[in-house]
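Under the UniProt record's numbering, think of the first position of the sequence shown as 1, with each following residue one higher.
Here a beta-carbon is modelled for each residue, glycine too, at the ideal position from N, C-alpha and C.
Contents: one structure, followed by commentary.
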Amino acid sequence: MKALDWSSYKLPVFHNLTCLELGAGCPGWLLLPKLLESSPQLRTLVFKEGLWLADDEHYWDHCGPVPTCLLFNLKVIDIGAFKGKKGELKIVKYFLKNAEVLETLNVSPLMPEAEELKITKLLLKIPRGSSSCKVVS
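See the structure below:
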């Protein structure tokens, strides 16, 4: 999948995909928007081992149209091994702002307890596209 990252190849539409779990060996940040755009019925998005490569902010500059799944169907986002780095926060802000029917953002912090409290407070202050969204850490 990494080869698709830099190509202009358009992914097929995955009409029946409702849960997408991404682990280590990520497909790359340029491919993630393509995956989201190709998964209009996506309800659950899982970053099992965290938001890989999130240290490099330029990896997440999705300025195109908001994918359909974020506007109408995505209800749950699970993020494991969350470190609270600047790039990770940028991605979380994008999801919270644009996921209009999001019910739950589950974040599993990978940091000392004092820093976890600080990051949790920051996450709770981020504006949301969904008024019913809960942030759980």
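Using three-state DSSP, classify residue i as helix, strand or coil.
i	result
E49	coil
V13	coil
With a threshold of 6 angstroms on Cβ separation, who are the neighbours of residue i within its own chain once the five nearest residues in sequence on each side are excluded?
i	result
T68	P40
A81	E49, G50 and L110
K134	T104
K93	I126
L71	E100
V76	T44 and T104
N98	V66, L70 and G129
Over the uninterrupted beta strand (DSSP E) stretch that includes residue i, give me the two end residues.
i	result
L20	C19 to L22
Among the residues of its own chain, which have a CB less than 7 angstroms from the CB of residue i, if the five just before and after it don't count?
i	result
L17	S39, Q41 and L42
Starting from residue i, follow the alpha helix (DSSP H) in both directions and report where the run begins and ends.
i	result
K34	L31 to E37
Given the structure, does residue i come close to the ligand MN, in the sense that its CB is under 6 angstroms from one of the ligand's heavy atoms?
i	result
L31	The ligand MN is absent from the structure shown, which contains no ligand whatsoever.
So, at 8 angstroms on beta carbons, what are the nonlocal neighbours of residue i in its own chain, with the 5 sequence-adjacent residues on each side left out?
i	result
S108	D78, I79, G80, A81, F82 and S137
P12	S38
Check: Whole alpha helix (DSSP H) runs in the UniProt domain "FBD" (68-137) with 4 or more residues, listed along the chain?
Finding: The UniProt domain "FBD" (68-137) contains these whole alpha helix (DSSP H) runs: 68-72, 86-98 and 113-125.
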